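A.B. asks: Chains as they are written, first to last, in this note's numbering: chain A, 4 to 350; chain B, 4 to 350.
Protein chains: 2
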Amino acid sequence: VALTEFEIIRRYFARAQLAFARDGVVLGPGDDCALLALPPGEELAISIDTLNVGVHFPKDADPFLLAQRCLLVNLSDLAAMGAEPVGFTLALSLPTVDENWISQFSNGLAKVAQSYQCSLLGGDTTKGALSITIQVHGRVPARQSLRRKGARVGDRIYVSGTLGDAAAALCWMQNRSPFRGKALDDDSAEFFRNAFYRPQVSIEAGISLRRLASAALDISDGLASDLGHILEAGDLSPGSQTQNKASGRIGAVLDVHKLPLSVMFLRYVPPARQLALALAGGDDYGLCVTVAPALEAQAVSRMQALGIEFTCVGQIEKAPGIRMRDAQGVTAPLTFRGYQHFGVKDG
Amino acid sequence: VALTEFEIIRRYFARAQLAFARDGVVLGPGDDCALLALPPGEELAISIDTLNVGVHFPKDADPFLLAQRCLLVNLSDLAAMGAEPVGFTLALSLPTVDENWISQFSNGLAKVAQSYQCSLLGGDTTKGALSITIQVHGRVPARQSLRRKGARVGDRIYVSGTLGDAAAALCWMQNRSPFRGKALDDDSAEFFRNAFYRPQVSIEAGISLRRLASAALDISDGLASDLGHILEAGDLSPGSQTQNKASGRIGAVLDVHKLPLSVMFLRYVPPARQLALALAGGDDYGLCVTVAPALEAQAVSRMQALGIEFTCVGQIEKAPGIRMRDAQGVTAPLTFRGYQHFGVKDG
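#1: How about D168 (chain B) and S228 (chain B): are their beta carbons less than 7 Å apart?
#2: In the DSSP assignment, find the unbroken beta strand (DSSP E) run with G254 (chain B) in it and report its ends.
#3: Roughly how far, in whole angstroms, is the beta-carbon of P144 (chain A) from the beta-carbon of G44 (chain A), given that I think they are within contact range, below 8 Å?
#4: Please name the residues in the region 74-92 of chain B whose beta-carbon is closer than 7 Å to at least one beta-carbon of chain A, in chain order.
#5: Return helix, strand or coil for C315 (chain B), following the three-state DSSP convention.
#6: Give me the Cα-Cα distance between H232 (chain A) and G153 (chain A), rounded to the nearest whole angstrom.
#7: Express the C-alpha separation of P274 (chain B) and G332 (chain B) in angstroms, rounding to a whole number.
#8: Measure the CB-CB distance between V162 (chain B) and L75 (chain B) and report whether it falls below 7 Å.
#9: Using CA atoms only, rank isn't needed, just tell me which of B:G33, B:I51, B:P61 and B:A86 is closest to L41 (chain B).
#10: If we cut at 7 Å on Cβ distances, does Q138 (chain B) have a partner in chain A?
#11: Using three-state DSSP, classify Y15 (chain A) as helix, strand or coil.
#12: According to DSSP, is P144 (chain A) part of a helix, a strand, or is it coil?
#13: Closer than 9 Å between beta carbons: that is the criterion. Which residues of the region 53-71 of chain B meet it against chain A?
#14: Name, please, each residue of chain A whose Cβ falls closer than 7 Å to the Cβ of G111 (chain B).
#15: Report all residues from its chain with a CB closer than 7 Å to the CB of A249 (chain A); omit the five preceding and five following residues, and keep chain order.
#16: Kindly list the residues whose CB is nearer than 7 Å to the CB of A258 (chain B), restricted to its own chain and excluding five residues on each side of it in sequence; keep chain order.
#17: Here's the rule I'm using: 16 or more other beta-carbon atoms within 10 Å means buried, otherwise exposed. How should S217 (chain A) be labelled?
#18: Please classify V156 (chain B) as buried or exposed, where buried requires at least 16 neighbouring CB atoms within 10 angstroms.
#19: What does R151 (chain A) touch in chain B if you count any residue whose Cβ is under 9 Å from its own?
#20: When burial is assigned at 16 or more other CB atoms within 10 Å of the CB, is S180 (chain A) buried or exposed?
#21: For N197 (chain A) and I253 (chain A), I'd like the C-alpha separation in whole angstroms.
#22: Looking at the C-beta of A40 (chain A), does it have a partner C-beta in chain B at a distance below 7 Å?
#23: Does S118 (chain A) pass the burial test, meaning 16 or more other C-beta atoms within 10 Å, or should it be called exposed?
#24: Starting from the beta carbon of L220 (chain B), find every residue of chain A whose beta carbon is closer than 7 Å, and list them in chain order.
#25: CB-CB under 7 Å to A2 (chain A), same chain, minus the five flanking residues each way: which ones, in chain order?
#26: Report yes or no: do the region 101-118 of chain B and the region 57-70 of chain B share at least 3 C-beta pairs separated by less than 8 Å?
#27: Which one or two residues does DSSP pair with D26 (chain B) in a beta bridge?
#28: Return helix, strand or coil for S240 (chain B), following the three-state DSSP convention.
#29: Kindly list, in the order they appear in chain B, the residues whose Cβ is closer than 7 Å to that of E46 (chain A).
#30: Do we get a CB-CB distance below 7 Å when we pair A94 (chain A) with the residues of chain B?
#31: Taking all protein chains shown into account, do 16 or more other C-beta atoms lie within 10 angstroms of the C-beta of F9 (chain B), making it buried, or fewer, making it exposed?
#32: Listed from N- to C-terminal order along the chain, which residues in the region 111-132 of chain A have their beta-carbon within a distance smaller than 8 Å of any beta-carbon of chain B?
#33: For chain A, find out if any of its Cβ atoms is closer than 7 Å to the Cβ of I210 (chain B); answer yes or no.
#34: Please name the residue in A:Q301, A:I51, A:L95 and A:S134 whose C-alpha comes closest to that of G126 (chain A).
#35: Quick check: is the beta carbon of S134 (chain B) nearer than 7 Å to any beta carbon in chain A?
#36: Run through chain B and tell me which residues come within less than 7 Å of S50 (chain A), C-beta to C-beta.
Dropping the structure here:
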């Protein structure tokens with residue numbers, strides 16, 4: 004006999020490993036709403052993301068790993084705001100009730116939830132094509148959140164972690180070039196599997212960059228595309244088109260020879276493909292931040308103290324657009340953009 | 004050329020009719036997170052719900068109406084907590100980019116968003132089977148929220164609005180008995196269409212019942228099933244199984260001859276089907292609340308002042324289970340339950 008929606012929730016989601024007590028959570032799952040409290044002087048940061056089968060992950064994705072990715076990509080948005088996780092909601096659509104799948108998915112969620120102290124607050128379990136929507140809720144002191152808007156001419160552009168690993172991992176998982184027909188050794192396979200399913204999200208990095216970064220976001224669509232958001236910051240807010248015209252006119256130069264690339268990336272991705280994957284490949288979920296020159300040393304030393312790779316990859320300039328600059332100082336306009344769900348955007 | 008994800012968001016979602024300024028919204032769409040502030044002494048109430056094509060609505064559902072239903076069923080959860088809407092997030096999966104569909108959907112959202120002062124805070128637009136997940140965010144003074152837990156023996160059971168109209172509407176839209184082959188006149192068609200797509204959610208009702216209702220929820224799965232949640236309240240919270248054994252042991256009697264049924268319902272649904280649709284049919288989204296006898300008159304007069312139909316349909320009793328009682332005082336155990344997504348739960 005198939006489990007009812009209530010039984011699924013009771014057994015696999017409303018359990019102490021997932022829906023645990025957490026400061027600020029007044030009421031967890033089981034009522035019409037969950038209830039959150041905020042300490043005085045703090046704001047609640049929220050972000051929602053959907054991962055769909057066949058679009059964001061393959062049908063046979065390991066549910067334990069998939070769950071980790073689902074929650075981590077959302078936590079990445081909190082990190083990019085300088086916020087600290089409190090809890091998350093889960094809207095899960097399942098085509099059938101596969102208890103083994105659900106159990107492993109729940110375990111993957113619990114692993115990340117516990118390590119980030121992000122408790123399950125509530126959710127909805129429905130029948131439908133496999134789809135996972137998670138909303139995260141975090142807290143950040145008022146006026147200290149990291150925004151996309153705020154970069155100024157002369158600011159240095161930094162990224163955390165390495166670039167392109169997740170995009171390379173996707174090529175591998177889809178048996179595409181440069182991995183087509185290649186059998187990876189266990190270490191390589193684990194590296195790329197983790198690069199895709201378990202992005203290294205550092206909440207501490209975001210918190211440490213409060214009051215230091217002039218602008219910040221997480222790299223989800225590829226550095227080229229996401230840096231573009233920083234340059235056009237605020238464009239999506241209503242009424243901001245005029246307000247942000249000024250920041251929309253700034254540009255950037257990227258020192259392509261300084262892009263942080265992993266050993267595994269360099270081992271498998273041929274030089275001719277490296278730039279495309281590192282700049283236009285998405286899913287890395289490191290941070291991209293801009294820092295005023297006067298605060299640069301402090302930001303670098305804080306990241307160093309956290310053991311986080313933090314690399315200066317360029318600078319904000321007055322001239323609009325993004326330019327690539329090589330070790331010889333030769334510049335060329337950037338011609339590829341990040342991943343887009345629908346259609347292709349001109350660069 | 005297909006629109007990009009960014010263009011869809013810019014044109015149809017990050018517009019002033021949807022993402023409008025609202026007290027408590029520090030930062031709206033366009034950044035990694037939205038930011039909310041809470042006045043001191045208030046709590047944030049959140050609820051997430053998914054509607055999937057082919058499960059919760061037909062593929063050819065009118066997008067203008069569908070959008071209204073999506074937001075209203077979520078607002079209903081805020082009403083049931085006694086919370087006031089602030090804003091909502093939207094995770095929208097679309098199989099293709101149909102601008103006409105998206106535009107109408109956006110208009111439907113805007114209609115409800117404006118009438119309930121619930122601003123779009125952010126979202127995610129992805130490719131996938133048509134699926135709409137909305138999370139609502141509301142505020143409620145600390146310790147004044149209406150919970151499912153709290154009903155006591157002797158409390159009266161009240162419902163707002165009428166019962167069964169949405170379930171009847173579903174029969175009509177699916178051309179099932181008692182509507183099979185029947186052509187409805189325009190008034191009837193509009194009544195049933197609205198019953199399903201535009202449930203009458205009253206935020207004021209929830210607010211007015213603060214400090215008066217001992218327990219509350221919205222009727223989404225059918226009165227029988229949802230009243231069961233009040234009787235077993237808190238069962239889904241971790242560690243609550245022992246804690247709530249006491250409330251899990253209470254029961255209720257429903258005066259089936261007092262169930263509020265609409266004129267249209269009585270006109271189309273034959274007597275033999277009425278009880279099943281009114282008690283086990285879902286989607287009505289009225290409130291079901293329990294009120295201590297001492298507060299009953301006050302609750303009734305407040306609902307009357309709001310012009311809300313508010314009907315006593317029974318009473319909480321010591322004996323577990325739900326019993327039906329007819330006008331002659333004859334009781335029988337309730338034998339049908341509300342809608343369940345997976346499998347069938349025994350009564």
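Built from N, CA and C at the ideal position, the CB exists for glycine as well.
These figures come from a predicted structure and were not determined experimentally.
C.D. replies: According to the data block:
#1: Locating residue 168 (chain B) in the second sequence gives position 165, where the first residue counts as 1. Locating residue 228 (chain B) in the second sequence gives position 225, where the first residue counts as 1. No, the Cβ-Cβ distance between D168 (chain B) and S228 (chain B) is not below 7 Å.
#2: Against the second sequence, residue 254 (chain B) aligns to sequence position 251. Residues G254 to D258.
#3: As a first step, residue 144 (chain A) must be located in the first sequence, where it is residue number 141. As a first step, residue 44 (chain A) must be located in the first sequence, where it is residue number 41. Indeed they touch by this definition, with Cβ atoms about 6 Å apart.
#4: D80, L81, A83, M84, A86 and T92
#5: By one-based count along the second sequence, residue 315 (chain B) stands at place 312. The answer is strand: DSSP assigns C315 (chain B) an E or B state.
#6: Along the first sequence, one-based indexing puts residue 232 (chain A) at 229. Along the first sequence, one-based indexing puts residue 153 (chain A) at 150. For H232 (chain A) and G153 (chain A), the distance between alpha carbons rounds to 11 Å.
#7: For the purposes of this step, residue 332 (chain B) is taken as the residue at position 329 of the second sequence. For the purposes of this step, residue 274 (chain B) is taken as the residue at position 271 of the second sequence. When rounded, the distance between both Cα atoms is 19 Å.
#8: Counting from one through the second sequence, the residue named residue 162 (chain B) turns up at place 159. Counting from one through the second sequence, the residue named residue 75 (chain B) turns up at place 72. No, the Cβ-Cβ distance between V162 (chain B) and L75 (chain B) is not below 7 Å.
#9: Along the second sequence, read from residue 1 onward, the residue named residue 41 (chain B) stands at position 38. It is B:A86 whose Cα lies nearest to the Cα of L41 (chain B).
#10: Walking along the second sequence from the start, residue 138 (chain B) turns up at place 135. Yes - at least one Cβ of chain A is within 7 Å of the one on Q138 (chain B).
#11: As a position in the first sequence, residue 15 (chain A) is number 12, starting the count at 1. DSSP places Y15 (chain A) in helix when its eight states are reduced to three.
#12: Walking along the first sequence from the start, residue 144 (chain A) turns up at place 141. DSSP places P144 (chain A) in strand when its eight states are reduced to three.
#13: T53, L54, N55, V56, G57, V58 and H59
#14: As a working note, residue 111 (chain B) is residue 108 in the second sequence. Neighbours of G111 (chain B) in chain A, taken as residues whose beta carbon is under 7 Å from its own, are absent, since the nearest beta carbon is some 18 Å off.
#15: On the first sequence, residue 249 (chain A) is found 246 positions in, with the first residue counted as 1. Here A249 (chain A) scores only 46 on pLDDT, less than 50, and its place in the model is too uncertain to base an answer on.
#16: By 1-based counting over the second sequence, the position of residue 258 (chain B) is 255. Note on identity: in this sequence residue 258 (chain B) is Asp, with Ala being the wrong assignment. For D258 (chain B), where only same-chain residues beyond five positions count, the Cβ hits under 7 Å are V316, G317 and R328.
#17: For the purposes of this step, residue 217 (chain A) is identified with residue 214 of the first sequence, where counting begins at 1. Burial of S217 (chain A) is indicated by the presence of at least 16 other C-beta atoms within 10 angstroms of its C-beta.
#18: Residue mapping note: residue 156 (chain B) aligns to position 153 of the second sequence, counting from 1. By the neighbour-count rule (16 or more Cβ atoms within 10 Å), V156 (chain B) is not buried but exposed.
#19: Along the first sequence, read from residue 1 onward, the residue named residue 151 (chain A) stands at position 148. Those within 9 Å of R151 (chain A) in chain B are G33, D34 and D35.
#20: Reading the first sequence from its first residue, position 177 is the one you call residue 180 (chain A). Exposed: under 16 other Cβ atoms inside 10 Å.
#21: Working through the first sequence from its first residue, we reach residue 197 (chain A) at position 194. Working through the first sequence from its first residue, we reach residue 253 (chain A) at position 250. If you take the alpha carbons of N197 (chain A) and I253 (chain A), they lie about 35 Å apart.
#22: If you number the first sequence from 1, residue 40 (chain A) lands on position 37. Yes - at least one Cβ of chain B is within 7 Å of the one on A40 (chain A).
#23: Counting from 1 along the first sequence, the entry for residue 118 (chain A) is found at position 115. Label assigned to S118 (chain A): exposed.
#24: As a working note, residue 220 (chain B) is residue 217 in the second sequence. By Cβ distance, chain A contributes D35.
#25: For residue 2 (chain A) there is no data in the structure shown, the boundaries of chain A being 4 and 350.
#26: yes
#27: By one-based count along the second sequence, residue 26 (chain B) stands at place 23. Looking at the DSSP assignment, D26 (chain B) forms no beta bridge with any residue, so it has no partner.
#28: Here residue 240 (chain B) refers to the residue found at position 237 of the second sequence. In this prediction, S240 (chain B) scores a pLDDT of 37, lower than 50, which makes its location untrustworthy; no coordinate-derived value is stated.
#29: As a first step, residue 46 (chain A) is located in the first sequence; it is residue number 43 there, counting from the start. In chain order: V29, L38, L39 and A40.
#30: Taking the first residue of the first sequence as 1, we reach residue 94 (chain A) at position 91. It does: the Cβ of A94 (chain A) has a partner Cβ on chain B nearer than 7 Å.
#31: Position 6 of the second sequence, counting from 1, holds the residue named residue 9 (chain B). F9 (chain B) counts as buried, since at least 16 other C-beta atoms from the protein chains shown sit within 10 angstroms of its C-beta.
#32: L124, G125, G126, D127, T128, T129, K130, G131 and A132
#33: On the second sequence, residue 210 (chain B) is found 207 positions in, with the first residue counted as 1. No, I210 (chain B) lies away from the interface with chain A (no Cβ there is under 7 Å from its Cβ).
#34: Here the question's residue 126 (chain A) lines up with position 123 in the first sequence. Comparing Cα-Cα distances from G126 (chain A) to each of A:Q301, A:I51, A:L95 and A:S134, the minimum goes to A:L95.
#35: The residue you call residue 134 (chain B) lines up with position 131 of the second sequence. With 7 Å as the cut-off, S134 (chain B) counts as an interface residue toward chain A.
#36: Mapped onto the first sequence, residue 50 (chain A) falls at position 47. Residues of chain B passing the Cβ test: D35, C36 and G125.
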